[in-house]
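Engineer: Chains as they are written, first to last, in the numbering used here: chain A, 1 to 92; chain B, 93 to 241.
No residue lacks a Cβ here, since even glycine has one placed at the ideal position from N, Cα and C.
The structure's right below; bear with me while I get my questions together.
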Amino acid sequence: MTSLKMGTIQIDSPKAEMIISNTPVEEIKTLFIAFLESDFISKTSKRKKGKWAKVANEIKGTMNPSTSDYLQECSKEIRNGFGLRDLSVSKK
Amino acid sequence: MTKYIFDTNITSILGRDDKVSNDLLDRLSELSDEDIISVSVLTLYESNYGLKNCTSDLQKQEITNNINFIKKYFDVIPLDLKEMDIFANLKVAYKNHTGISRKDAKKNDIDLLIASSAIAENAILISNDKIFETLCELDVNLKYENWLK
């Protein structure tokens with residue numbers, strides 16, 4: 001079995017083409033999955049440092065469950081009571 | 093860039109520290125910086141009613157913080173003339189589809205107004221209310237996701 005040494009090569013270079021053409025399919029699959037994983041981790045890491053991650057961190061833990069439940073009840077109270085009187089003429 | 097509208101049943105649990113809210117905050121954290129989060133002005137009406145109605149100082153403080161947080165980071169969408177036709181068509185379609193009485197139909201008016209805002213703004217409505225699943229069937233322009241599932 002051929003073992004690949006870790007290193008950095010440009011993906012569209014002739015050297016990369018030569019390595020790929022001489023590498024067993026299973027190893028290419030392994031490398032490709034490793035690439036996808038590292039790419040995912042990199043993007044996730046960036047997201048966790050983004051604007052909305054900071055916003056989420058700021059609001060987290062600022063409200064007791066009882067207050068949250070109370071606010072939802074207030075919302076339901078308004079939604080159940082809200083509405084214009086229906087004065088349309090019904091068909092006879 | 094994607095625009096979202098958070099319903100009141102979402103904004104009211106953002107501040108909790110349990111699994112439900114943590115899952116919600118994880119979804120929020122994954123958004124890109126360009127994405128926009130908004131609420132209907134009706135959500136602020138509801139929260140402000142909760143503020144004026146409560147007697148506990150601690151709850152008053154927590155709700156005040158919640159309202160200030162929303163106003164600081166989220167866009168607030170007012171009711172607008174551009175939603176007038178959307179609301180009317182949606183309400184008629186919903187009444188005809190469900191066959192509910194006029195009395196019961198009144199209970200859904202705020203849901204219908206918020207759905208109309210989401211359609212007019214081309215935003216994704218984030219809520220935990222099953223009525224929006226039905227409304228999606230009645231208007232293909234309504235985009236709805238439940239981040240609490």
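For residue 175 of chain B versus residue 215 of chain B, is the C-beta distance shorter than 8 angstroms?
Structural biologist: Here residue 175 of chain B is taken as the residue at index 83 of the second sequence, counted from 1. Here residue 215 of chain B is taken as the residue at index 123 of the second sequence, counted from 1. No, Cβ-Cβ distance for residue 175 of chain B and residue 215 of chain B is not below 8 angstroms.
Engineer: Shorter than 8 angstroms from the beta carbon of residue 92 of chain A to some beta carbon of chain B?
Structural biologist: Within the first sequence, numbered from 1, the residue matching residue 92 of chain A stands at position 92. Residue placement at residue 92 of chain A is flagged as unreliable, the pLDDT there being 43, under the threshold of 50; the coordinate-derived value follows with that caveat. False, the Cβ-Cβ gap to chain B never drops below 8 angstroms.
Engineer: Who are the near neighbours of residue 92 of chain B in its chain, counting only those whose CB is closer than 6 angstroms to its CB and skipping five residues on each side?
Structural biologist: Because residue 92 of chain B is not part of the residues shown, which for chain B are 93 to 241, the question remains open.
Engineer: Within 8 angstroms, do at least three Cβ pairs link the region 116–129 of chain B to the region 94–108 of chain B?
Structural biologist: Touching, per the Cβ criterion.
Engineer: Identify each residue in the region 68–79 of chain A for which the Cβ-Cβ distance to at least one residue of chain B is less than 7 angstroms, and report them in chain order.
Structural biologist: Within the region 68–79 of chain A, the qualifying residues are 68, 70, 71, 72, 74, 75, 78 and 79.
Engineer: Check whether chain B comes within 8 angstroms of residue 18 of chain A, counting only Cβ atoms and requiring the distance to be less than that.
Structural biologist: The count along the first sequence starts at 1 and reaches residue 18 of chain A at position 18. No, because no Cβ of chain B sits closer than 8 angstroms to the Cβ of residue 18 of chain A.
Engineer: Give a yes or no on whether the C-beta atoms belonging to residue 186 of chain B and residue 74 of chain A are separated by under 8 angstroms.
Structural biologist: The residue labelled residue 186 of chain B in the question sits at position 94 within the second sequence. The residue labelled residue 74 of chain A in the question sits at position 74 within the first sequence. Cβ distance not < 8 angstroms, so residue 186 of chain B and residue 74 of chain A don't count as in contact.
Engineer: Are the C-beta of residue 141 of chain B and some C-beta of chain A separated by less than 8 angstroms?
Structural biologist: Counting from 1 along the second sequence, the entry for residue 141 of chain B is found at position 49. Cβ-Cβ to chain A under 8 angstroms: yes for residue 141 of chain B.
Engineer: Which residues does DSSP pair with residue 216 of chain B in a beta bridge?
Structural biologist: As a position in the second sequence, residue 216 of chain B is number 124, starting the count at 1. Answer is B:96 and B:235, bridged to residue 216 of chain B.
Engineer: Leaving out the 5 sequence neighbours to the left and right, which residues in its chain are closer than 6 angstroms to residue 102 of chain B when beta-carbon positions are compared?
Structural biologist: Residue numbering aside, residue 102 of chain B sits at position 10 when the second sequence is read from its first letter. Closer than 6 angstroms at the Cβ level, and outside the excluded window around residue 102 of chain B, lie 218.
Engineer: As an exercise, report each continuous alpha helix (DSSP H) stretch of at least 4 residues that is fully enclosed by the region 21–83 of chain A, in chain order.
Structural biologist: Taking only runs of at least 4 residues, the alpha helix (DSSP H) segments lying wholly in the region 21–83 of chain A are 25–48, 51–59 and 65–81.
Engineer: Report buried or exposed for residue 135 of chain B, applying the criterion of at least 16 other Cβ atoms within 10 angstroms of its Cβ.
Structural biologist: Counting from 1 along the second sequence, the entry for residue 135 of chain B is found at position 43. When all chains shown are included, residue 135 of chain B counts as buried.
Engineer: Return the Cβ separation of residue 56 of chain A and residue 117 of chain B in integer angstroms, given the expectation that the two are a contact with Cβ distance under 8 angstroms.
Structural biologist: The residue labelled residue 56 of chain A in the question sits at position 56 within the first sequence. The residue labelled residue 117 of chain B in the question sits at position 25 within the second sequence. That pair is a contact at about 4 angstroms.
Engineer: If contact means a Cβ-Cβ distance below 7 angstroms, which residues of the region 163–182 of chain B contact chain A?
Structural biologist: Correct list: 165.
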